[in-house]
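When we follow UniProt numbering, the leftmost residue of the sequence shown carries the number 1, and every step to the right adds one.
Here's the structure we're looking at; comments come further down.
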Amino acid sequence: MTVNTPLCFRGKKILAPMVRVGTLPMRLLALDYGADIVYCELYGHMTSFMFTFIYHFCLVYLFSFHIEVLETVDFVAPNERVVFRTCEKERHRVVFQMGSADAERALAVAKLVESDVAGIDINMGCPKEYSTKATCNSFCMFSQGGMGAALLSDPDKIESVSITLWVLNCPGRYYVLCSTGSRNECTEDKFGVFGLVYFCLLERKKEERPQHPVHCDVIKAISEAVSIPVIANGGSHDFIKEYTDIETFQKATAASSVMIARAAMWNPSVFRKEGLFPLKDVMQDYIKY
């Protein structure tokens, strides 16, 4: 769903959600270099963490603080750990991505962050076991599993999460955004009823990993078959080394926009039209944040 100002997903260059990479400094640096939209890390376990405190104790123990010195909004756990940090500079261009197979939990998290982000995304493509299988997270709290790629085989859960998020009663336009990695499950007819705004395709099979080539032909076929925007991801291995390669990848997939992960992790100045900065310069820019 989009929050505050509606996001446009056509003709955009987007920083992908990356665990332990997509922190606030990385997102701000990507915006400085030319990214149009930035994603935070995928928060899957945070969903369980927030839900446990909100509903098991009937109090909101996850606090939102405006830190004047840093000019940030921090979502802080009872143990004083900053779970999510954002700021005004990215407010209208940051998408909060969560992993959840539980509508009530997803809604609880959405309500906590909605006023400070531009969009909220439900991940339906992560093949990692911490998303698809039940686990005990770093807070020693149980994660329900069934998230990420597992959702694609459970349309009832998709519908439950989607409908629940649609009923949010506050200003703004709300949509469910699905990020998927499955060629077989991605059809507009299947997801259109859920209020889908775009397809974000990391087009590999569930058993494939970043070292495997992306299936551009599949992304292209989907792009040409649906009316909503398609965001192509997964081009870092074969295509994207610098800015001009982003357009090459977009043409190869006929996608509306391109999402970049590892190429941006290696050098976020890949978003610069003027070309890459040396890593030494990138590091100096990074530590400013």
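Think of the CB as a built atom: it goes at the ideal place given N, C-alpha and C, for glycine as much as any other residue.
What does the Cβ neighbour count give for residue i, buried or exposed, with the cut at 16 atoms within 10 Å?
| i | result |
| --- | --- |
| residue 101 | buried |
| residue 35 | buried |
| residue 162 | buried |
| residue 20 | exposed |
| residue 157 | buried |
| residue 38 | buried |
| residue 68 | exposed |
| residue 124 | buried |
| residue 281 | exposed |
| residue 217 | exposed |
| residue 70 | exposed |
| residue 247 | exposed |
| residue 174 | A caution first: residue 174 carries a pLDDT of 34, below 50, which makes its placement in the model unreliable, though a value can still be read off. By the neighbour-count rule (16 or more Cβ atoms within 10 Å), residue 174 is buried. |
| residue 279 | exposed |
| residue 287 | exposed |
| residue 11 | exposed |
Determine whether the beta carbon atoms of residue i and residue j lie at a separation below 8 Å.
| i | j | result |
| --- | --- | --- |
| residue 223 | residue 255 | yes |
| residue 233 | residue 252 | no |
| residue 40 | residue 27 | yes |
| residue 258 | residue 231 | yes |
| residue 87 | residue 24 | yes |
| residue 103 | residue 153 | no |
Keeping to the same chain, check which residues put their C-beta closer than 6 Å to that of residue i; ignore five residues upstream and five downstream.
| i | result |
| --- | --- |
| residue 43 | 98 |
| residue 268 | 29, 30, 33 |
| residue 228 | 198 |
| residue 113 | 96 |
| residue 72 | 85, 87 |
| residue 289 | 25, 28 |
Could you round the C-beta distance between residue i and residue j to whole angstroms and report it? I think they count as a contact, below 8 Å.
| i | j | result |
| --- | --- | --- |
| residue 118 | residue 165 | Not confirmed; about 15 Å, so no contact. |
| residue 108 | residue 122 | With a Cβ gap of about 14 Å, residue 108 and residue 122 do not count as contacting. |
Kindly list the residues whose CB is nearer than 7 Å to the CB of residue i, restricted to its own chain and excluding five residues on each side of it in sequence; keep chain order.
| i | result |
| --- | --- |
| residue 94 | 27, 38, 40, 86, 117, 118 |
| residue 270 | 240, 242, 243, 260, 263, 264, 276 |
Compare the C-beta of residue i with all C-beta atoms of chain C and state if any pair is closer than 8 Å.
| i | result |
| --- | --- |
| residue 97 | No chain C is present in this structure, which holds just one protein chain. |
Go through its chain and collect everything with a Cβ distance to residue i's Cβ below 8 Å, but skip five positions before and after it.
| i | result |
| --- | --- |
| residue 250 | 232, 257, 258 |
| residue 237 | 210, 211, 212, 213, 214, 262 |
- When the Cβ atoms of the region 273-289 are set against those of the region 234-250, are three or more pairs found closer than 8 Å? Taking a cut-off of 8 Å on C-beta distances, the region 273-289 touches the region 234-250, as three or more cross pairs fall below it.
- Message: For the region 11-19 against the region 74-81, do three or more pairs of beta-carbon atoms, one drawn from each stretch, fall closer than 8 Å, so that the two count as touching?
- Response: These segments do not touch.
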